[in-house]
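Asker: Sequential numbering from 686 applies to the sequence shown in our numbering.
C-beta: ideal position from N, C-alpha, C; glycine also.
All values derive from a computational prediction rather than experimental measurement.
Got a structure for you, written out below as structure tokens; questions coming shortly.
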Amino acid sequence: MTIRELENTAMGMVAPGKGILAIDESFATIGKRFQAIGVDSTEESRRAYRDLLITAPGIGEYVSGMILFDETLRQSSAAGVPFRQALVSAGILPGIKVDKGAKNLAGHPGEQVTEGLDGLRERLGEYHALGARFAKWRAVITIGTDLPSRACIEANAHALARYAALCQEQGIVPIVEPEVLMDWENDIERCYEVTEATLRTVFTALYTQRVALEGLVLKTNMAVPGKQCARQSSPEEVATRTIRCLRQAVPAAVAGIVFLSGGQSAQDATVHLNTMNALAGPGELPWPLSFSYGRALQDPALKTWAGQAANVGAAQRVLLHRSRCNGLAALGRYTNAIENELAA
Ligand code: 13P
């Protein structure tokens, strides 16, 4: 595997007007999402739901790749086609979540470090053989009183860099995801500072571990106020602060940047991405800015589905609509009129 091949895959992940759909919820997380719509989480209900997402007609026009959970990479559609094959047929790159979750960081109450490095080389080799062409590892940084600690940022950055180096060795493009959570009462400036410090630390670690930046995709949070902050920000403020933060801390060689939605509403996530791309204008930034949303793409479709086979078509149309809105936002061409087309 040459760096050129990794670079081609990475560029495909952030192709113009396309982004990534994250459907890699762990057993615990999908259980929570299903509970909210009154559906039991079983191997078959998870398969049926992921089938709906993966085989949504036309989704490949706006979605370049999907991040799967281990179980899903081994499952098949109702028609008996392995999901990984269904994705390739739709022109979508199969991806895989490879971290083993965020665990409490010893000596640092309220903070976590993501685990999963032991045996990772062998797991990546198997995932590559199963068709995965990119991977994801999510680190969690919590803002709070006296948080985050330097130790938390450094431990997570080190693990992300070790993971990324192993991915590239195995011919898999790493999505490097340090997520600064938006759950607290901090203002947008605090989120900006913590995000900048985190990204700078992550890129230093990537350099130390000899990771080729052309062959990776950064997945990050936007600079946003915490959900409990009294002063919420306009889309323009989120967009300008986020772009400034990325310019400060992300090397130009990185293939692309995608955002997580992190608890933003589906529409906010679209509007924020669109505002960034509309403000920056084509060719103004060193990297494409696109999406890698989980909740912001899935939630409306999940509610429409509600576990009923009869709702699959309607849920797929809802998913396609959100994907189209975000694909256009990646080009700075999303509008209110487009948002309202589904309802019309
Ligand atoms: P959200 O967009 O729901 O934050 O999820 C994206 C993701 O993959 C987090 O790792």
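Within the same chain, show all residues whose beta-carbon is closer than 7 Å to that of residue 795, passing over the 5 residues directly before and after it, in chain order.
Answerer: For residue 795, where only same-chain residues beyond five positions count, the Cβ hits under 7 Å are 827, 829 and 832.
Asker: Tell me whether the beta-carbon of residue 902 lies closer than 9 Å to the beta-carbon of residue 865.
Answerer: The answer is no: Cβ separation not under 9 Å.
Asker: Start and end of the beta strand (DSSP E) containing residue 1037?
Answerer: Coverage of the chain is limited to positions 686 through 1029, which leaves residue 1037 absent and any answer about it impossible.
Asker: Can you name, in chain order, every residue of its own chain whose Cβ lies under 7 Å from the Cβ of residue 789, other than the five neighbours on each side?
Answerer: Around residue 789: 797.
Asker: Residue 988 to residue 722, Cα distance in whole Å?
Answerer: Going from the Cα of residue 988 to the Cα of residue 722 covers about 7 Å.
Asker: Around the ligand 13P, which residues pass a check of Cβ closer than 5 Å to any of its heavy atoms?
Answerer: In chain order, the hits are 707, 823, 945, 946, 947, 978, 979 and 980.
Asker: Which residues does DSSP pair with residue 752 in a beta bridge?
Answerer: 707 and 780.
Asker: Give me, in chain order, the residues of the same chain whose beta-carbon lies closer than 7 Å to that of residue 802; leave out the 5 immediate sequence neighbours on both sides.
Answerer: Excluding sequence neighbours, residue 802 sits near 844, 847 and 848.
Asker: Determine which residues share a DSSP beta bridge with residue 869 and list them.
Answerer: Paired residues: none, contrary to the question.
Asker: Would you kindly check if the distance between the Cβ of residue 744 and the Cβ of residue 1081 is under 9 Å?
Answerer: Here the chain comprises residues numbered 686 to 1029, so residue 1081 is not present and cannot be evaluated.
Asker: What does a CB cutoff of less than 7 Å around residue 885 pick up in its chain, not counting 5 residues either side in sequence?
Answerer: Excluding positions up to five away in sequence, the list reads 934.
Asker: So what's residue 863 in DSSP terms, helix, strand or just coil?
Answerer: Here residue 863 sits in strand by DSSP.
Asker: Have a look at the DSSP bridge pairing and note the partners of residue 829.
Answerer: For residue 829, which the question treats as bridged, DSSP gives the partners 832.
Asker: Measure the CB-CB distance between residue 699 and residue 940 and report whether it falls below 9 Å.
Answerer: Contact flag set, yes.
Asker: Can you check DSSP and say which residues form a bridge with residue 822?
Answerer: Looking at the DSSP assignment, residue 822 forms a beta bridge with 861.
Asker: Buried or exposed: where does residue 799 fall if 16 or more other Cβ atoms within 10 Å of its Cβ makes it buried?
Answerer: Classification of residue 799: buried, given that the 10 Å Cβ count is 16 or more.
Asker: Of the choices 923, 1011 and 1002, whose alpha-carbon is the least far from that of residue 701?
Answerer: The option with the nearest alpha carbon to residue 701 is 1011.
Asker: Figure out for me which residue from 737, 955, 905 and 867 has the closest Cα to the Cα of residue 912.
Answerer: Measuring from the Cα of residue 912, the nearest candidate turns out to be 867.
Asker: With DSSP as the reference, label residue 981 as helix, strand or coil.
Answerer: If DSSP states are grouped into helix, strand and coil, residue 981 belongs with the helices.
Asker: Whole angstroms are fine: how far does the CA of residue 875 sit from the CA of residue 869?
Answerer: In a straight line, the C-alpha of residue 869 is about 11 Å away from that of residue 875.
Asker: Cα separation between residue 997 and residue 990?
Answerer: One C-alpha to the other measures close to 6 Å.
Asker: So, are the CB atoms of residue 908 and residue 932 less than 9 Å apart?
Answerer: Contact: no.
Asker: Quick check on DSSP: helix, strand or coil for residue 814?
Answerer: Three-state DSSP puts residue 814 in a helix.
Asker: Restricting to Cα atoms, I'd like to know which of 696, 760 and 713 is closest to residue 778.
Answerer: Considering only alpha carbons, the answer is 696.
Asker: Assuming residue 717 is part of the alpha helix (DSSP H), what are its boundary residues?
Answerer: Looking at the DSSP string, the run of the alpha helix (DSSP H) that includes residue 717 is 712-721.
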